[in-house]
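S.K.:
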Amino acid sequence: MKRTNKLTLLALFVSLSAAGGMIKIPAVVGSVALDSLAALLAASIIGGGFGAVTAMSGHLISSTLAGFPLGPLHVLIAAEMGGAVWLFGVVFKKSPVIAAGSFFIINAFIAPLPFIFIISKAFYFSILPSLCIGAFLNLTIAHFAYPPLNRYFQEKVRRPS
Numbered sequence: 002m003k004r005t006n007k008l009t010l011l012a013l014f015v016s017l018s019a020a021g022g023m024i025k026i027p028a029v030v031g032s033v034a035l036d037s038l039a040a041l042l043a044a045s046i047i048g049g050g051f052g053a054v055t056a057m058s059g060h061l062i063s064s065t066l067a068g069f070p071l072g073p074l075h076v077l078i079a080a081e082m083g084g085a086v087w088l089f090g091v092v093f094k095k096s097p098v099i100a101a102g103s104f105f106i107i108n109a110f111i112a113p114l115p116f117i118f119i120i121s122k123a124f125y126f127s128i129l130p131s132l133c134i135g136a137f138l139n140l141t142i143a144h145f146a147y148p149p150l151n152r153y154f155q156e157k158v159r160r161p162s
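Offset between the sequence shown (1-based) and this note's numbering: plus 1.
Next comes the structure, spelled out in structure tokens:
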């Protein structure tokens, strides 16, 4: 795939991530959303690096729309999201099931661990249900959207007529 095509797809997925960031999941903070859906699709179709950039951009856009409830800590969260989606993209090539499981565990349980020390243990436990629901919804929708999108990209984008 040409570099221009990849950058165009990256812009498309970041835009989709921004749109997903507007679909919020009720949580203690307002930045839990469907923003990582597009990042998961980008990681599985284009590659982990593109998915990571999409995830980081998507989270920053989603948290901006929520008014940056955690302030500059959203940069840390964006980095964690980028790492989780990058790992998802790398593992997805070998085992989509393991990739999904690892993304769920990292996104829902491991990524918020620093907030035990930064904010409190109560914050960590209060955000867990929303993060679990968010990770599950993002993964589930990506699971059903991947086959037709991948088929389209295989037919049209990678082999233009």
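Ideal Cβ positions, reconstructed from N, Cα and C, are used throughout, including at glycine.
Compute the Euclidean distance between the alpha carbons of residue 117 and residue 107, then round it to the nearest angstrom.
M.R.: The residue given as residue 117 occupies position 116 in the sequence shown. The residue given as residue 107 occupies position 106 in the sequence shown. Cα to Cα, residue 117 sits roughly 15 Å from residue 107.
S.K.: What does the Cβ neighbour count give for residue 55, buried or exposed, with the cut at 16 atoms within 10 Å?
M.R.: Stepping through the sequence shown from its first residue, residue 55 is reached at position 54. With 16 or more other Cβ atoms within 10 Å, it is buried.
S.K.: Closest to residue 22 by C-alpha separation, out of 110, 114 and 135, would be which residue?
M.R.: As a working note, residue 22 is residue 21 in the sequence shown. It is 135.
S.K.: Once DSSP output is grouped into helix, strand and coil, what is the label at residue 34?
M.R.: Here the question's residue 34 lines up with position 33 in the sequence shown. Residue 34: strand per DSSP, three-state reduction.
S.K.: Have a look at residue 70 and residue 29 and give me their C-alpha separation to the nearest angstrom.
M.R.: Here residue 70 refers to the residue found at position 69 when the sequence shown is read from its first residue. Here residue 29 refers to the residue found at position 28 when the sequence shown is read from its first residue. Cα to Cα, the separation comes out at about 9 Å.
S.K.: Terminal residues of the continuous alpha helix (DSSP H) containing residue 102?
M.R.: Here residue 102 refers to the residue found at position 101 of the sequence shown. Element bounds for residue 102: 97-106.
S.K.: Are the CB atoms of residue 18 and residue 58 within a distance shorter than 9 Å?
M.R.: By 1-based counting over the sequence shown, the position of residue 58 is 57. By 1-based counting over the sequence shown, the position of residue 18 is 17. It is a contact, given that the beta carbons lie within the stated cut-off.
S.K.: Measure the beta-carbon distance from residue 45 to residue 93 and round it to whole angstroms, keeping in mind my assumption that it falls under 8 Å.
M.R.: By 1-based counting over the sequence shown, the position of residue 45 is 44. By 1-based counting over the sequence shown, the position of residue 93 is 92. Their Cβ separation, rounded to whole angstroms, is 5 Å, which keeps residue 45 and residue 93 in contact under 8 Å.
S.K.: Which residues bound the alpha helix (DSSP H) around residue 88?
M.R.: Position 87 of the sequence shown, counted from the start, is the residue given in the question as residue 88. Here the alpha helix (DSSP H) through residue 88 covers 74-93.
S.K.: Just to confirm the assignment, what range does the alpha helix (DSSP H) spanning residue 49 have?
M.R.: For the purposes of this step, residue 49 is identified with residue 48 of the sequence shown, where counting begins at 1. Per DSSP, residue 49 belongs to the alpha helix (DSSP H) from 49-66.
S.K.: Quick one: what does DSSP say residue 3 is sitting in, helix, strand or coil?
M.R.: What you label residue 3 is simply residue 2 of the sequence shown in a count that begins at 1. Reduced to three states, the DSSP call for residue 3 is coil.
S.K.: Kindly give me the distance between the Cβ atoms of residue 48 and residue 86, rounded to whole angstroms, as I take these residues to be in contact under 8 Å.
M.R.: Translated into the one-based positions of the sequence shown, residue 48 becomes position 47. Translated into the one-based positions of the sequence shown, residue 86 becomes position 85. In fact, because the Cβ distance is near 11 Å, the residues do not count as touching under 8 Å.
S.K.: Short check: CB of residue 79 to CB of residue 89, under 9 Å?
M.R.: Taking the first residue of the sequence shown as position 1, residue 79 is located at position 78. Taking the first residue of the sequence shown as position 1, residue 89 is located at position 88. No; because the gap between Cβ atoms is not below 9 Å, this pair is not in contact.
S.K.: Give a yes or no on whether the C-beta atoms belonging to residue 110 and residue 132 are separated by under 9 Å.
M.R.: Working through the sequence shown from its first residue, we reach residue 110 at position 109. Working through the sequence shown from its first residue, we reach residue 132 at position 131. Contact: yes.
S.K.: One question on the structure: do residue 129 and residue 113 come within less than 9 Å of each other, judged by their Cβ atoms?
M.R.: The residue given as residue 129 occupies position 128 in the sequence shown. The residue given as residue 113 occupies position 112 in the sequence shown. Cβ atoms of residue 129 and residue 113: closer than 9 Å.
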